Amino acid sequence: QAPAPTKWNKRNLSWRVRTFPRDSPLGRDTVRALMHYALKVWSDITPLNFHEVAGSQADIQIDFSTADHNDRYPFDGPGGAVAHAFLPGDHHTAGDTHFDNDESWTFRSPDAHGIDLFAVAVHEFGHAIGLGHVAAPRSVMQPYYQGPVGDPLHYGLPYEDRVRVWQLYGVRESVSPTAQPDAEEPPLLPEPPNNRSSTPPRKDVPHRCSTHFDAVAQIRGEAFFFKGRYFWRLTRDRQLVSLQPAQVHRFWRGLPLQLDRVDAVYERTSDHRIVFFKGDRYWLFKDNNVEEGFPRPVSDFGLPPGGVDAAFSWAHNDKTYFFKDQLYWRYDEHTRRMDPGHPAQSPLWRGVPSVLDAAMRWSDGAAYFFRGQEYWKVLDGELAVAPGYPQSTARDWLVCRDLQAAPEGTDGQAGAHARPGQRDQSRSEDGYQVCSCSS
Amino acid sequence: APAPSAEDLSLGVDWLSRFGYLPPADPTTGQLQAPEELSKAIAAMQRFGGLEATGVLDEATLALMKTPRCSLPDLPMAPARRRR
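Chains as they are written, first to last, in the numbering used here: chain A, 6 to 444; chain B, 3 to 86.
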């Protein structure tokens, strides 16, 4: 008789491509994007959510292996067995998915001789969430490779597969965050060669010269200015990487797609993990991938519900300061405890606003506090704002000329008025040429 | 249908065991499968694969066995039979 169906008890499942196909024309980003879309096929219609992580603790470890690879399903060279996955359950390989590295894996390829990676991945992830093989000729879970199943961006499961997975997990109540029309752009797939579409510029991009910021942080020596779902990045020597912001979800992997802004960000000096705060929750990042087991409640820091406005680690005493409304807390990263006598009434530093948008330490040893479109500088070890502050954040950090609002109808690029052929004379205060790389 | 060659038969038995249609051969005796068991297993595989269930290892069945596929068995692995 058919074995009792196994399924995941939890709904949030992490995945990671641990090894990639060797000598394959498919690049790593394409492989990861195809895995994302193949998992999305299942998460769009069930309450399951998948997110990519970096750690080796992922629920679904994906490998491209050859021949005997220490499980009971040795591969057999090109053809024959092309992949397998382990059903959910308590064994350590549950969910793991293996592809035969000896196959010539293809994507959007007319080449009939290759094996379409997306089609096989959809099948194998069906196993990884608990489905077995079926005889139904149209089902994606029938055991034989049937060729490509079409474009990953538009693929929909056959009805019989939907019914079977709903029997395991029920129907997805809300539309899957990854399926929402305005959800974050998922990983890029190479355009089909014949119809390159230029992605229209996004309308909701904030303008760096006329906004205040949700969070500012020095991360690995670089400065990150966060606004909504976007961020600008400055190199260690304070050079703006691009006039156009990057998208938070496409760089900081593992944040929920429906997160539309962050409250505060800082880099922990003890282990260089990066901490993101939003509301009552926080996420820990190792590099730009969220760690397993997050989000967690901010009460881990001893903070009250309601979250924080700003956070930073003061170079002078290596303590971490959290700010909320007119209060601040001082937290010791080594003992992982809040210092006694907190919260205290803000501001600690004379001349700094009592309510903040953001705070950051910078490589010059000074502390910087941001409110509205201005910032205040406190020199290392001082308890008062340096003379001459506040100053304009946009001008001093984001290469805007004074009072440069977002010109109507342009994409806000500096010098957007330059006529064709006329050399664009846009310069920031320091007189260096501003150029933006658009690709 | 021409009788399958010994090689095809061996491939067929191995394939049927691998994908759950036959109990794994007993590693000690490597016993051959009884003909009616074999025929039943072939018919089951043909039904699963959408072929006519002839119970005979014909060309279409051999071709399907050579089709790229998922490594997981189609039927839950029947426990290997032990000699009494």
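Think of the CB as a built atom: it goes at the ideal place given N, C-alpha and C, for glycine as much as any other residue. In this text, all values refer to a predicted model and were calculated from it rather than measured experimentally.
Query, Result
"Environment of A/Ala372 [buried if 16+ CB atoms lie within 10 Å]", "buried"
"From A/Ile50, A/Val246, A/Met343, residue whose alpha carbon lies closest to that of A/Thr174", "The displayed chain sequence assigns Tyr, not Thr, to residue 174 of chain A. Out of A/Ile50, A/Val246, A/Met343, A/Ile50 has the C-alpha closest to the C-alpha of A/Tyr174."
"A/Pro186 classed as buried or exposed, judged by whether at least 16 other C-beta atoms fall within 10 angstroms", "Low local confidence applies: a pLDDT of 39 at A/Pro186 is under 50, so the model's placement there is unreliable, and no value is given."
"Cβ distance (whole Å) where A/Arg273 is taken to contact A/Gly233 below 8 Å", "That pair is no contact at about 24 Å."
"Closer than 8 Å to chain B by CB, A/Ala88", "yes"
"Neighbour flag for A/Tyr150 against chain B, beta carbons, 8 Å", "yes"
"N-terminal and C-terminal residue of the alpha helix (DSSP H) that B/Met67 is part of", "61 to 67"
"Counted within 10 angstroms of its Cβ, other Cβ atoms place A/Thr204 as buried (16 or more) or exposed", "Annotation note: pLDDT 44 at A/Thr204 (below 50); position unreliable, coordinate value reported separately. The residue in question, A/Thr204, is exposed, as its Cβ has fewer than 16 Cβ neighbours within 10 Å."
"B/Ser2 at chain A interface by Cβ criterion, 8 Å", "Only positions 3 to 86 of chain B appear in this structure, which leaves residue 2 of chain B out of reach."
"Within chain B, partners of A/His128 - CB distance below 8 Å", "Cys72"
"Minimum Cβ-Cβ distance from B/Gly51 to chain A less than 8 Å", "yes"
"Inter-residue CB distance, A/Phe375 and A/Ala364 (contact presumed, cutoff 8 Å)", "7 Å"
"Closer than 8 Å to chain B by CB, A/Ser19", "no"
"Proximity test, A/Met365 beta-carbon vs the ligand SAM heavy atom, cut-off 7 Å", "The ligand SAM is absent from the structure shown, which contains no ligands of any kind."
"A/Cys214 to A/Ala399 span [Cα, whole Å]", "5 Å"
"A/Lys324 in three-state terms, based on DSSP", "coil"
"Boundaries (first-last residue) of the alpha helix (DSSP H) holding B/Ile44", "37 to 50"
"Where A/Met343 falls: helix, strand or coil (DSSP)", "strand"
"Simplified DSSP assignment, three categories, for B/Val15", "helix"
"Neighbour-count burial assignment, B/Thr63, 16 or more Cβ in a 10 Å radius", "buried"
"8 Å CB neighbourhood of A/Thr71 in its chain, flanking five on each side removed", "Phe80, Asp105, Asn106, Asp107"
"Residue range of the beta strand (DSSP E) that includes A/Leu332", "332 to 337"
"Enclosing beta strand (DSSP E) for A/Gln172 [first to last residue]", "Unbroken run through A/Gln172 is the alpha helix (DSSP H), 164 to 174; no beta strand (DSSP E)."
"Proximal residues, the segment 158 to 180 of chain A versus chain B, C-beta separation under 8 Å", "none"
"From A/Gly82, A/Arg16, A/Phe91, residue whose alpha carbon lies closest to that of A/Phe466", "A query on residue 466 of chain A cannot be resolved here, the shown segment of chain A reaching from 6 to 444 and no further."
"Classification of A/Leu388 by the beta-carbon crowding that lies within 10 angstroms, buried from 16 upward", "exposed"
"Contact the segment 289 to 309 of chain A vs the segment 354 to 368 of chain A: 3+ CB pairs below 8 Å", "no"
"Cβ separation of B/Leu11 and B/Met47, assumed to be a contact under 8 Å, to the nearest whole Å", "14 Å between Cβ atoms; not a contact."
"Sheet register partners of A/Gln350 (DSSP bridge)", "A/Leu332"
"Below-8 Å beta-carbon distance, B/Thr69 vs any chain A residue", "yes"
"Helix, strand or coil at A/Trp13 [DSSP, three-state]", "coil"
"Distance CB(A/Gln62)-CB(A/Asp101) smaller than 8 Å", "no"
"Chain B within 8 Å of A/His97, Cβ atoms only", "no"
"CB contact flag (A/Asp285, A/Val303, <8 Å)", "yes"
"Rounded separation between A/Leu239 and A/Ser247 - CA only", "8 Å"
"Cβ contact (3+ pairs, closer than 8 Å) linking the segment 343 to 351 of chain A and the segment 378 to 385 of chain A", "no"
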